[in-house]
Amino acid sequence: MELIRRFGSLLRRSWPWLRIPFWVCTGLFLGFLLPYTLILNKRVQDRFNDLVFAVPTRVYARPLALAAGTPMSPAALELELTFAGYGNDGHGQVPGTWAREGSRFLISSRGYAGPEGGELPKRLRVTLARGQVGSVVDEASGKPVKLAHLDPARIATLYGAQQEERRIVRLGDVPPLLVAGLQAVEDRDFKHHIGIDFSAILRASFANLRAGHTVQGGSTLTQQLVRNLFLDRGQNLTRKFNEALLSLLIEAHYPKSRILEAYVNEVFLGQQGNQAVHGFAAAAEFYFGRRLEDLRPQEIALLVGMVKGPSYYDPRRYPEHALARRNLVLQQFVETGLLGAAQANAAEAAPLGIVGNGQLPHNRFPAFMQLVRTQIISDFDDQTLSAGNLSIFTTLDPAAQLYAEQAIRSTLDDLGKRGQNVQAAAVVTDAHSGSVLAVVGGKDPGDQGFNRALDARRPIGSLIKPLYYLVALSQPQRWNLASLVDDSPVALRQPDGSLWTPQNDDRESHGQVPMIDALTRSWNLASVHLGMDIGVGRIKAFLESFGLTGVNPSPSLLLGAIDLAPLQVAQLYQYIAADGHALPLVAVRGVVDGKGQTIKRYEVQAGKGEYQEAVRLTTWAMQQVARTGTAASIGRVGLSFLNAAGKTGTSTSQRDSWFAGFTGQHLAVFWMGRDDNKQTSLHGASGALRAWQELFRKLPSMPLSAAPGDGLELAWINPSDGRRTQPECEGARQVPVVSGSLPQDTEGCFWQRVGDFFGGDGNHPAPATTAPIRN
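Following this line, the structure appears as structure tokens:
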């Protein structure tokens, strides 16, 4: 009591001198510090509450299906694994890794969840044989797996204004070694301090004083988090004051677990161009190509060590710095009892294990992504997509996309000077479902500019022909593939008074020719005569049934005087490839929200097919184009086993080179031309077809059946009258026809003997020409 009395007496005597400083400090506190603290407090709470929403929207490819009989090559499987961020560690035991022994692959899948469900992680033994998957076996049980899927590769990330990459994780899902190791290395008193650790500051000050330079920091994890969330990297007193005050406010409002969870997700750990990598989960994929929960001790140690300086300890740029830092952290794990000495020694002996390229793609395939945005914009606007926290699952096939890009690049390179100013585009789809597997918008596939696959509308030339041959073949009582059509000169008066006089590519006419030859050899004159017999108006209506507008109603339409983009051509040919099912082309499978709930699925239900017999006849005819016609080089380059169906196309003056063709699994449309619309000196066969062939040299694909198909029968026909005849008769053609469309009786060869008796052969079909086939 005596002490209190004396202190009060001293205060009364000193008050005249203390009064002014007291009221100044009180005024400063009430007028500035208190409002300033309240403002910072509001900012802290708003920022923390928003952290859970700071997740960018991610876009994924399709999951890779593995089943016995699936076409697959070792190169394609390795490409798929690498692109999905799987690492070849020689063992394939840790999720996200694989190993290869000859034709056998050991793959530890990571599992995934998507709009159609998902799969749990598995260790699979996949054996390849004869260009396909021979078997898939669950390595744990030894039992065959009927169908397995690998988790899809991330192909793009849609951001708001911030170019930052995060993968939000809950603290309970973080490996315990990382949680404990982070505190052991960066902040051992984390559980006890109030945001500022004065003892750590004193220890660091003495250590730095002894060393003569900065060797130790005294910042807590809370202070480091404040720097990531609120402050710049300056070292002035104002910033340090703000850092301390914000740290105290965070500690006052939130439990240690929430602070640590925020740190794990927000800490800066690297840079890829203008894309910042934040959080340990994103860094795990960026550096190791694996999920955070799958990391090994040495990998956890490296990430913890990089907190001190992500640039200086960047394992790609400075591997020696990173290795030394990792091993130092491993020793600290031993000192704090987190690892045993034997574990640490084994971890130190391991290589860094960094994947070759960062696995955080940002819009890797801009042409495909434009199609994705086009198809989902009615359900999700740009603001919603940029706000994030969505997962968009697409139909993209990484192998098809990358091989299509390579096919264009290698073809243009092989053209030499002719290819220097030539542009190109491609669309690849699933032949049965209409799923878009690849889109290449130009010869520079990473170009964010003009997307020629979607927006370059160019004359399609002879690609138009199979579509109206199909219309003719839908009338089996009038036309079949052996029916004669007139390949004689054409002269039609145009609306402006000029004459339209098309010619064949060989500048010759061939008289009466079977329809199959007219299409196989792409004879223009015969095709025009056929189209005029069908009726241009009917052909125009057929094309418009696919959603096309502004279709040219003049006869020049019959030779491809219609401007279409490669995607539109793919839509037309999809009808034939899908056996008469008019399927819309789709690039999105579904959208999942941040809670893993599917909020939108994009499904196409195929209806009953239309004109299927005519479609199958057209397909068979297009297979002859690839065997003996304008696309016969497909066989010469070793792809005859695909039994592909296709058609070349060349526009006027060789400005555009086209090829559309499909196998039993894939449809691919390629275009080549110049942006300035000048002549390329390329036919369909010398440009686009070569790129198509390059694609299918590498892309595993199911062959197309060589059989004519249900509803058809093979028949020997006399082309002069379209009736059945016998195979030994001169000029007889065996072609598929619609079952029941011809009488069963045959006329034999009597018609030939009568013709010979009278010395006439005007009804005999013209022999095949030997002129070059180029169109």
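For the sequence shown, this note's numbering gives the first residue as 2, with consecutive numbering after it.
All C-beta atoms, glycine included, are put in the ideal place defined by N, C-alpha and C.
- Between the stretch 67–79 and the stretch 133–140, the count of C-beta pairs closer than 8 Å reaches three or more; the two stretches touch.
- Across the structure, glutamate 731 and glycine 647 are spaced so that their CA atoms are roughly 29 Å apart.
- About 33 Å separates the beta carbons of tryptophan 99 and alanine 425, which is beyond the 8 Å limit, so they are not a contact pair.
- Leucine 107 is bridged by DSSP to Ala100, Arg126.
- Cα atoms of serine 499 and glutamine 575: separation of roughly 36 Å, rounded to the nearest angstrom.
- Taking C-alpha positions only, serine 109 is separated from alanine 282 by approximately 19 Å.
- Using a C-beta cut-off of 8 Å, the stretch 639–658 makes contact with the stretch 457–464, since at least three inter-stretch Cβ pairs fall below that distance.
- A residue is called buried once 16 or more other Cβ atoms fall within 10 Å of its Cβ, and alanine 141, having fewer, is exposed.
- Within a 10 Å sphere around the beta-carbon of valine 638 sit fewer than 16 other beta-carbons, which makes this residue exposed.
- With a threshold of 16 other beta carbon atoms within 10 Å, proline 554 falls short and is exposed.
- Taking the Cα positions, lysine 123 is about 21 Å away from glycine 597.
- Residue environment: arginine 171 is assigned as exposed (fewer than 16 neighbouring CB atoms within 10 Å of its CB, all protein chains considered).
- Within the stretch 369–444, the complete beta strand (DSSP E) segments at least 3 residues long are 391–395, 424–431, 437–441, listed from N- to C-terminus.
- If you look at methionine 673, you'll find it isn't in any alpha helix (DSSP H); it sits in the beta strand (DSSP E) that goes 667–674.
- CA-to-CA, the gap between glutamine 745 and alanine 716 works out to about 10 Å.
- The bridge partners DSSP lists for glutamine 735 are Trp717.
- Bridge partners of glycine 119 according to DSSP: Ala114.
- Going by DSSP, tryptophan 480 is part of no beta strand (DSSP E) at all; its letter is neither H nor E.
- Contact between arginine 155 and arginine 292 is ruled out by a C-beta separation of about 12 Å, above the 8 Å threshold.
- In the three-state reduction of the DSSP assignment, threonine 599 falls in the strand class, which pools E and B.
- Contiguous alpha helix (DSSP H) elements confined to the stretch 541–617 occur at 567–578, taking only those with 4 or more residues.
- According to the DSSP assignment, tyrosine 264 belongs to the alpha helix (DSSP H) that extends over 257–267.
- Proline 298: member of the alpha helix (DSSP H) spanning 298–307, first to last residue.
- Under the Cβ criterion (8 Å, minimum of three pairs), the stretch 710–724 counts as touching the stretch 608–620.
- Around the beta carbon of glutamine 569, 16 or more other beta carbons lie within 10 angstroms, which makes this residue buried.
- Pairing aspartate 722 with tryptophan 524, the inter-Cα distance amounts to about 21 Å.
- In this structure, DSSP gives leucine 500 an extended state, which the three-state scheme calls strand.
- Two segments are said to touch when three or more pairs of C-beta atoms, one from each, lie closer than 8 Å; by this definition the stretch 175–193 touches the stretch 256–263.
- Ranked by Cα distance from leucine 270, the options Ser312, Ile378, Gly338, Ser702 are led by Ser312.
- With a 10 Å radius around the Cβ and a threshold of 16 neighbouring Cβ atoms, asparagine 505 comes out buried.
- In this structure, DSSP gives arginine 318 a state outside helix and strand, which the three-state scheme calls coil.
- One Cα belongs to glutamate 81, the other to aspartate 295, and the distance between them is close to 20 Å.
- Residue state for tyrosine 469 is assigned as helix, using DSSP reduced to three classes.
- Distance between leucine 129 and arginine 105, taken at the CA atoms: about 6 Å.
- DSSP places arginine 168 outside both helix and strand once states are collapsed to three, so it counts as coil.
- The distance from the Cβ of lysine 444 to that of isoleucine 393 is about 27 Å, inconsistent with a contact at the 8 Å cut-off.
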